[in-house]
């Protein structure tokens, strides 16, 4: 199975210092480019 993540789960795991939990999934975790940019580029416009 492939897991596609948006920003909220990644931000929430980072906030509680638990990003390593993503590595424990026996799945492929796909982070879309827009989500990656939203997480890594402070000036990237957020949709919505």
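Residue numbers (the working numbering): 797 to 844.
For each residue, glycine too, the CB sits at the ideal point set by N, CA and C.
Taking the beta strand (DSSP E) that residue 800 falls in, what are its first and last residues? As a position in the chain shown, residue 800 is number 4, starting the count at 1. Looking at the DSSP string, the run of the beta strand (DSSP E) that includes residue 800 is 798-800.
In terms of DSSP beta bridges, what is residue 825 paired with? Counted from its first residue, the chain shown places residue 825 at position 29. Note: residue 825 sits in a beta bridge opposite 799.
To the nearest whole angstrom, what separates the beta carbons of residue 823 and residue 800, a pair I think is in contact under 8 Å? On the chain shown, position 27 is the one that residue 823 refers to. On the chain shown, position 4 is the one that residue 800 refers to. That pair is no contact at about 10 Å.
Residue 804 versus residue 831: straight-line alpha-carbon distance, rounded: Within the chain shown, residue 804 is the residue found at index 8, counting from 1. Within the chain shown, residue 831 is the residue found at index 35, counting from 1. The straight-line gap from Cα to Cα measures roughly 9 Å.
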